[in-house]
Structures are given as structure tokens and as C-alpha cells.
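Everything below concerns the one structure shown next.
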Amino acid sequence: MLNSPTVKKALLYTKVNDSVQCNTCERKCVIPVGSYGWCGTKININGDLHTIVYGDISGLESRPIEIKPFYHYWPGSTSLTFSTWSCNFNCPWCQNSNLSRAKPNIKYVNYIEPYEIVNLALKYGDEGLCVSFNEPTMLFEYSIDVFRIGSRKGLYCCYVSNGYMTLEALRMLAESGLTGLKIDVKGDKEVYRSYIGGCDIDVVWRNIREARNMGLHVEVVNLIVTGVNDDETCIREVVERHVKEAGSETPIHFTRYFPAYRFHNPPTKIETLEKAYRIAKKAGVHYPYIGNVPGSPYENTYCPNCNYTLIKRYGFRIVKYEVIDNKCPKCGFKINLTGRYIRKKL
817 MLNSPTVKKA
827 LLYTKVNDSV
837 QCNTCERKCV
847 IPVGSYGWCG
857 TKININGDLH
867 TIVYGDISGL
877 ESRPIEIKPF
887 YHYWPGSTSL
897 TFSTWSCNFN
907 CPWCQNSNLS
917 RAKPNIKYVN
927 YIEPYEIVNL
937 ALKYGDEGLC
947 VSFNEPTMLF
957 EYSIDVFRIG
967 SRKGLYCCYV
977 SNGYMTLEAL
987 RMLAESGLTG
997 LKIDVKGDKE
1007 VYRSYIGGCD
1017 IDVVWRNIRE
1027 ARNMGLHVEV
1037 VNLIVTGVND
1047 DETCIREVVE
1057 RHVKEAGSET
1067 PIHFTRYFPA
1077 YRFHNPPTKI
1087 ETLEKAYRIA
1097 KKAGVHYPYI
1107 GNVPGSPYEN
1117 TYCPNCNYTL
1127 IKRYGFRIVK
1137 YEVIDNKCPK
1147 CGFKINLTGR
1157 YIRKKL
């Protein structure tokens, strides 16, 4: 096993007698010799923790940054997006279950060197790198190496995550070049207890807060799932925590659910998403959005001060961009944006 290029010693773990405790995510699995952690990507080999998915790439594609969604981070750009296998959550409505529910197999790997990922991004004309499709924390060690190389080459580096990494892991990512973090908030405590695998929502909000404190660009997504987190009480709780932990300037995207994997409730009602948008606006959130509803006026960016349409979108395409020097051209209000606008034909 140690001869495989995808097997490398993990960066974050402590020894506990003959076992090891993984400190990459907040599950903090205690793993006996020869056993795997909850996610199946970490194994205890002779008393040391190893990842078995270092550079084992399950998906690779240049994608618009808006599809993540990031609406205030390098707008109009594309990022070379890559993934591996498995996840540390167990969402029954996962849109990428073919990746997140698949356990890695070191007999069948698709290994790509970190520098090759960076070279591909430059070759394809991408402005950045993004770890997505499955939970990027599974690729923690590999991300560190890719981001160090990529940031030196002028590429931005971002994660599309469930936000359940440890603070130490988050700090190491930021130090390696991570500048953008999109975190999915699944709902309230009950949603995490009943549907996600007994995880602690306070960890997710803590990481949102601390990522902001580290200077990372953060955007929050709340996938509103019919019959799970679509009641007004749950939506209000998410919005209140967002204002408290992320701040009013941090964008929040209320996205539409469609049946997937093991969950077959009807798609989210548009009026439910619009209600969430109004609740967020009333609570003082500057940049609420509705996602997965192409053509909705609520996928546009409006000036929080004068309501002028600054960025008009259709799906993940920008059709009008009028922000000048990160300010509204009508009233001069400063807009929360990271990076510059990249005009591309998609």
C-alpha cells in the first residue's frame, strides 16, 4: 500500500496508545492499526495516519466560478475544479453521490501530480483552482501542495465545502494559499442530527466566523430541501446565525433542491426561496440570492444602498457588470468583492 503515490502520511493527527486520532475534520476519528476513519480516506498504518487519496482525482473540469456558487469572488472567471472520493457527511439528497458515497480503492487510481493540476489550469486559461464535487477536506494534504504551487503562479485557490474541517486544518489551508471558501449550511441542529450523520452545526458556523477573521472570502449556501429545512422557523434561524457569525456583508445563497440520491421529496417551491430572500433582506443581509432558478431577479446583485442593478446574471452567466472599483456607479457604496471581473464568453 505504501508504494502507491496516492498514499501519504497525513498532516494532522495525534497518537493515542496504539491508535491515532485524525485531526483533519471535527469527527476526529480514533482509528486502530489497520483500520479506516469514518470517511474511508484515512488509514492507520503501523501507528501512523495516512491518506489514501493524495492526488487520486475523480473529476477534473474548468468551470465558471458562479456555478459554485461564488458571486462576489473573481466574478466571470473560471477555475480548474477537481475532486476525489468519499465525504465526511451523509446527506441523503447529495447531488454528487457517485463521488461522495464511493470509497477509494488504491488498486484503481487516477493519480495526477500537484504541479500537473496547476499546469492544466494555466493551459486552459483558468484564473483559479477549486476543490469541489465531493467534500474537499478529503483532499486536504493534496490541496495544501496544489495551493502552494498555484498561488505562486498567480492562481486563486478556493474550496466548496461543508465547513466541518478543524480550525488547524482551516489555518493550514489559508497559509497555503486558500483565499475563497464557500460553505454549505444544511439547516438547524435538528437537520444535522437527523440527516447529516450527527454532526455539530456550531462547528460549521465557527468555521464561517473564523474564516472571515482569517481574511478569507466567504459565501454561504443554504440548500432548502422540501420537508426538511423549508419551514420559516428554520430559515429564520439560519439567517440569524448568518448575520451573527458571517456578518451582513457576506453573501448567502438560498438554492433550490431537486430530488437526488436517496431523497425524493418534490423540488423546492419558488415561493419558499423568495420568502427566504425577503427574510434575509429584512434581517439586514446585503447580498441574499436565490440559486438554481435561472432568470430569477434574485440571482442579480443589487446595491445595498440605492438598489441599483450592479451585476445581472442568467444562471452562471454574467450578462451585465457595472461595478466600478468595487463601488456602485450611482451612489458610490462600497461593494464586497474579492478579485477582479473577468469578461469571458461561456
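Residues in the sequence shown are numbered consecutively from 817, following the numbering used here.
Where is the CB? At the ideal position from N, CA and C, for every residue including glycine.
Q) Where His1080 and Thr840 are concerned, what is the direct C-alpha to C-alpha distance, given to the nearest angstrom? A) Locating residue 1080 in the sequence shown gives position 264, where the first residue counts as 1. Locating residue 840 in the sequence shown gives position 24, where the first residue counts as 1. So the two alpha carbons sit approximately 32 Å from each other.
Q. Who are the Cβ neighbours of Gly1063 in its own chain at under 8 Å, not counting the five residues just before and after it?
A. Within the sequence shown, the letter at position 247 stands for residue 1063. Only Arg1028 meet the Cβ criterion.
Q | Nearest residue (CA-CA) to Leu1089, options Tyr1118, Lys1136, Pro1113 | A | One-based indexing of the sequence shown puts residue 1089 at position 273. Selected option, being the one with the closest Cα: Pro1113.
(Q) If you reduce the DSSP assignment to three classes, tell me which class Asn1080 lands in. (A) As a first step, residue 1080 must be located in the sequence shown, where it is residue number 264. Rather than Asn, the amino acid found at residue 1080 in this sequence is His. Coil, per DSSP.
Q. If you pair each beta-carbon of the segment 1136-1143 with each one of the segment 1065-1080, do three or more pairs fall below 8 Å?
A. no
Q. Short check: CB of Ser948 to CB of Thr897, under 8 Å?
A. Taking the sequence shown and counting its residues from 1, one reaches residue 948 at position 132. Taking the sequence shown and counting its residues from 1, one reaches residue 897 at position 81. Yes; because the gap between Cβ atoms is below 8 Å, this pair is in contact.
Q: State buried or exposed for Met817, treating a residue as buried only when at least 16 other CB atoms are found within 10 Å of its CB.
A: Sequence index remark: in the sequence shown, residue 817 carries index 1 (1-based). Answer is exposed; the Cβ neighbour count stays below 16.
Q.
Tell me the residue span of the beta strand (DSSP E) that contains Asp1000.
A. Taking the first residue of the sequence shown as position 1, residue 1000 is located at position 184. Here the beta strand (DSSP E) through Asp1000 covers 996-1000.
Q.
Check whether the segment 876-891 and the segment 1030-1041 touch, using three or more Cβ-Cβ pairs below 8 Å as the test.
A. yes
Q) In its own chain, which residues sit with a C-beta less than 6 Å from the C-beta of Pro1120, not counting the 5 before and 5 after it? A) Taking the sequence shown and counting its residues from 1, one reaches residue 1120 at position 304. Only His1102 meet the Cβ criterion.
(Q) Taking a contact to mean a Cβ-Cβ separation below 8 Å, would you say Ala1076 touches Ser820 in this structure? (A) By 1-based counting over the sequence shown, the position of residue 1076 is 260. By 1-based counting over the sequence shown, the position of residue 820 is 4. Going by C-beta atoms, Ala1076 is not nearer than 8 Å to Ser820.
Q: Count the other CB atoms, across all protein chains shown, that sit within 10 Å of the CB of Cys1122; report buried if there are 16 or more and exposed otherwise.
A: Within the sequence shown, residue 1122 is the residue found at index 306, counting from 1. Exposed: under 16 other Cβ atoms inside 10 Å.
Q: Could you check the C-alpha separation between Val1044 and Ile1095 for me, to the nearest Å?
A: Here residue 1044 refers to the residue found at position 228 of the sequence shown. Here residue 1095 refers to the residue found at position 279 of the sequence shown. Their Cα atoms are separated by approximately 18 Å.
Q: Tell me whether Tyr975 sits in a helix, a strand or coil according to DSSP, three-state version.
A: Counting from 1 along the sequence shown, the entry for residue 975 is found at position 159. Looking at Tyr975 - three-state DSSP - the assignment turns out to be strand.
Q. Touching or not, the segment 951-971 and the segment 826-842, by the rule of three or more beta carbon pairs under 8 Å?
A. yes
Q: Let me know the secondary structure DSSP gives Asp1004 once reduced to three states.
A: The residue labelled residue 1004 in the question sits at position 188 within the sequence shown. Reduced to three states, the DSSP call for Asp1004 is coil.
(Q) Taking 8 Å as the cut-off, does the segment 909-927 touch the segment 1149-1161 (at least 3 CB pairs, one atom from each stretch)? (A) no
Q) Is there contact here, the segment 1018-1026 with the segment 862-876, by at least three beta-carbon pairs under 8 Å? A) no
Q: Report the rounded CA-to-CA distance for Val869 versus Asn950, giving the unit in angstroms.
A: Position 53 of the sequence shown, counted from the first residue, corresponds to residue 869. Position 134 of the sequence shown, counted from the first residue, corresponds to residue 950. In a straight line, the C-alpha of Val869 is about 12 Å away from that of Asn950.
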